[in-house]
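Numbers given in my numbering equal positions in the sequence shown, counted from 1, plus 4. Built from N, CA and C at the ideal position, the CB exists for glycine as well. Presented below is the structure to which this report refers.
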Amino acid sequence: MKLVILDRDGVINEDRDDYVKNSAEWVPIEHSLEAIANLTQSGWRVVVATNQSGIARGLFDMHALNAMHEKMHRLVGQAGGRIEAVVFCPHGPDHGCDCRKPLPGMVLEIAERFNVKLEGLPLIGDSLRDLQAVAAVGGQPILVKTGKGAKTLAKGGLPESTLVFNDLYDAAEHLINHH
């Protein structure tokens, strides 16, 4: 089975400095829905792994998060794609959990749930912590320049094997054509 993990904010939808707090603020990045559809139609299973500390911070609740994800699933479905699962960390940076990226907890959970190897498992993100979470377990870090990606690239210090693409569409095309 071919499985790819996507970060959410800055990869699939526009990121906001004040957090995406409701479904109205959840706005897809151009061509991201099409990218997920192309992956799905090429036999890839798509799973989202996202830090959502806005819950711990009291900026939104589970109802709002579920509404954002319902909108995401609906729009991806309308584009001809499918997201198999959304795994999220509701904790803040100081909670000491093992799921919050850059820790690999969500990546490990997804690999176990879908029975896929960690080695080479691709994760597409826009921040260093996304890349670190998958690199820590031998996966393939992929950076997109959308969201915080351009700043992440400029800062440097990326895991050694990181691939870099303009956006999710280009990253998806690479996976489809090379796997």
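* Provide the residue(s) that pair with residue 92 in DSSP beta bridges, ordered along the chain. => Within the sequence shown, residue 92 is the residue found at index 88, counting from 1. DSSP output for residue 92 lists 54 as bridge partner(s).
* Who does residue 48 pair with in a DSSP beta bridge? -> Position 44 of the sequence shown holds residue 48. Residue 48 pairs with 6.
* Curious, which full-length alpha helix (DSSP H) runs of at least 4 residues does the segment 66-117 contain? -> 66-82
* **Euclidean distance between Cα positions of residue 181 and residue 6** => For the purposes of this step, residue 181 is taken as residue 177 along the sequence shown, with counting starting at 1. For the purposes of this step, residue 6 is taken as residue 2 along the sequence shown, with counting starting at 1. If you take the alpha carbons of residue 181 and residue 6, they lie about 13 Å apart.
* **Neighbour-count burial assignment, residue 42, 16 or more Cβ in a 10 Å radius** => The residue given as residue 42 occupies position 38 in the sequence shown. By the 10 Å Cβ count, residue 42 comes out buried.
* To do: Name the residue from 96, 17 and 91 whose alpha carbon lies nearest to the alpha carbon of residue 109.
  => Along the sequence shown, one-based indexing puts residue 109 at 105. When each option's Cα is compared against that of residue 109, the closest is 91.
* Please report how far the alpha carbon of residue 166 lies from the alpha carbon of residue 27, in whole angstroms. => Start at 1 with the first residue of the sequence shown, and residue 166 comes out as number 162. Start at 1 with the first residue of the sequence shown, and residue 27 comes out as number 23. Cα to Cα, residue 166 sits roughly 31 Å from residue 27.
* Of the choices 133, 66 and 36, whose alpha-carbon is the least far from that of residue 85? -> Your numbering for residue 85 matches position 81 in the sequence shown. Residue 36 is the option with its Cα nearest to residue 85.
* Beta-carbon separation (whole angstroms), residue 111 vs residue 141, contact threshold 8 Å -> Indexing the sequence shown from 1 puts residue 111 at position 107. Indexing the sequence shown from 1 puts residue 141 at position 137. At roughly 6 Å, the Cβ-Cβ gap stays under 8 Å, so residue 111 and residue 141 are in contact.
* Asked: According to DSSP, which residues form a beta bridge with residue 129?
  -> Translated into the one-based positions of the sequence shown, residue 129 becomes position 125. Paired residues: 147.
* To do: Tell me whether residue 1 sits in a helix, a strand or coil according to DSSP, three-state version.
  => Any answer about residue 1 is impossible in this case: the structure gives the chain only from 5 up to 183.
* Shortest alpha-carbon distance to residue 139 belongs to which of 152, 117 and 162? -> Counting from one through the sequence shown, the residue named residue 139 turns up at place 135. Taking only the C-alpha atoms, the option nearest residue 139 is 162.
* **Span of the alpha helix (DSSP H), counted from its first residue to its last, around residue 179** => For the purposes of this step, residue 179 is taken as the residue at position 175 of the sequence shown. It spans 172-182 - the alpha helix (DSSP H) in which residue 179 sits, taken as one unbroken run.
* Range of the contiguous beta strand (DSSP E) that encloses residue 63 -> Translated into the one-based positions of the sequence shown, residue 63 becomes position 59. Unbroken run through residue 63: none, as it is neither H nor E.
* Asked: If you draw a straight line from the alpha carbon of residue 51 to that of residue 122, how long is it in whole angstroms?
  -> Along the sequence shown, one-based indexing puts residue 51 at 47. Along the sequence shown, one-based indexing puts residue 122 at 118. Computed Cα separation, rounded: 14 Å.
* Asked: With contact counted as at least three CB pairs below 8 Å, one residue from each stretch, are the segment 50-68 and the segment 6-24 in contact?
  -> yes
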